[in-house]
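Chains as they are written, first to last, in our numbering: chain A, 1 to 156; chain B, 157 to 312.
What follows is a single structure, written as structure tokens, with notes after it.
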DNA sequence: AACAGTGCGCGAGGTGCTTGCATATCGTCG
DNA sequence: CGACGATATGCAAGCACCTCGCGCACTGTT
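Okay, structure coming up:
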């Protein structure tokens, strides 16, 4: 059961709060050891899946964020599987989800600039199998970047 | 200048590689101290912006991932600003971007289930100012979750 | 009222981070 | 062609932090 302290811990950890457990404990009103124990429990419960570095995409030259909506020519099991494994094989495709509605896939890719997106378009997107239609939308500006999920009260 | 070792480090760190710098160093062929120094340099350069815990949304009861496309009634500066600050004020709105095309915003929200999305719809989305049209698409399945950017050679 | 069960703080021991120093490597300039 | 300067590395010591066992407080149960 997740209580108020766990929620605050998860919130801090998702937002890149202080690493030393002593400071985390101080922030939530716990000793370092108790705080650390709770974090380990959250990890063991599979709630915290890992710790990752967050990068500034523009600092590594990835200034362009593009959503690509794709519909397939066939909805057969084989077509879906082939498409999905091709998607997974390209590092430039950051994420991909199957959406409700017109049985579309939506993926997100990162490119250095428009010319680089053209390269991606030819090198990756055009090689995805079974594509009937493709529509790209460029992100002009990020109003809110992902910084973690809100943690609802009392779960798990 | 980012060389091959930095790229490998960034790749490992984005994917939640081993925390001890000694193991990281072994993975890239460096001693622990040299490896640690490079990481600090990447942080100082603003390439690594922080370290965050990654959570399993379904483990905290957030089983539903929804994209919401929104167009506004007015494109005036005030309308955009009002809309964007309202977006930022809701924790349930995970991300938001302004897209090219029909001057649409796209946001992503997480909900516990369909009923909870209805609550979000009434509690958050309906309170966003200046909305002309809204269209939601549910993520049926995640083929590829975000696990970090590919790091192009020789940047910064 | 006594008793498990849970979760806390404290403290010792071990691990990993952090930094100074000497050295190797590479590019540059005399 | 040789020497110098800059950069990056490895090593080792000092230190901060994590980790875990222990005893205690609190809660709910019988």
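Glycine included, C-beta positions come from ideal geometry on N, C-alpha and C.
Predicted model only: the values in this text are computed from it and were never measured.
On the DSSP letters alone, give me the boundaries of the alpha helix (DSSP H) that residue i sits inside.
i, result
"residue 85 of chain A", "77-89"
"residue 44 of chain A", "32-44"
"residue 180 of chain B", "177-184"
Do residue j and residue i come within 7 angstroms of each other at the CB atom, strictly closer than that value?
i, j, result
"residue 250 of chain B", "residue 146 of chain A", "yes"
"residue 149 of chain A", "residue 172 of chain B", "no"
"residue 205 of chain B", "residue 54 of chain A", "yes"
"residue 229 of chain B", "residue 286 of chain B", "yes"
"residue 111 of chain A", "residue 71 of chain A", "no"
"residue 318 of chain B", "residue 190 of chain B", "Past the edges of chain B, shown from 157 to 312, lies residue 318 of chain B, and the structure says nothing about it."
"residue 79 of chain A", "residue 128 of chain A", "no"
"residue 140 of chain A", "residue 256 of chain B", "yes"
"residue 307 of chain B", "residue 2 of chain A", "no"
Cutting at 8 angstroms between CB atoms, please list the residues of its own chain near residue i, excluding the five before and the five after it.
i, result
"residue 38 of chain A", "5, 6, 9, 30"
"residue 108 of chain A", "65, 66, 67, 68, 93, 94, 95, 96"
"residue 103 of chain A", "71, 72, 75"
"residue 183 of chain B", "164, 168, 173, 174"
In chain order, what residues of the same chain have a beta carbon less than 6 angstroms from the beta carbon of residue i, not counting five sequence neighbours either side?
i, result
"residue 253 of chain B", "262"
"residue 138 of chain A", "66"
"residue 13 of chain A", "none"
If you follow the beta strand (DSSP E) that residue i is in, where does it begin and where does it stop?
i, result
"residue 3 of chain A", "No beta strand (DSSP E) holds residue 3 of chain A; DSSP gives it neither H nor E."
"residue 54 of chain A", "48-55"
"residue 226 of chain B", "220-228"
Just mark residue i as buried or exposed, buried being the case when its beta carbon has 16 or more other beta carbons within 10 Å.
i, result
"residue 202 of chain B", "exposed"
"residue 272 of chain B", "buried"
"residue 270 of chain B", "exposed"
"residue 281 of chain B", "buried"
"residue 213 of chain B", "buried"
"residue 167 of chain B", "buried"
Could you check whether the Cβ of residue i sits closer than 6 angstroms to any heavy atom belonging to the ligand ZN?
i, result
"residue 95 of chain A", "This structure lacks the ligand ZN; in fact it carries no ligand of any kind."
Give me, in chain order, the residues of the same chain whose beta-carbon lies closer than 7 angstroms to that of residue i; leave out the 5 immediate sequence neighbours on both sides.
i, result
"residue 192 of chain B", "177"
Complete alpha helix (DSSP H) runs within the stretch 91-155 of chain A (minimum length 4 residues, chain order): For the stretch 91-155 of chain A, whole alpha helix (DSSP H) runs of length 4 or above, ordered along the chain, are 114-123.
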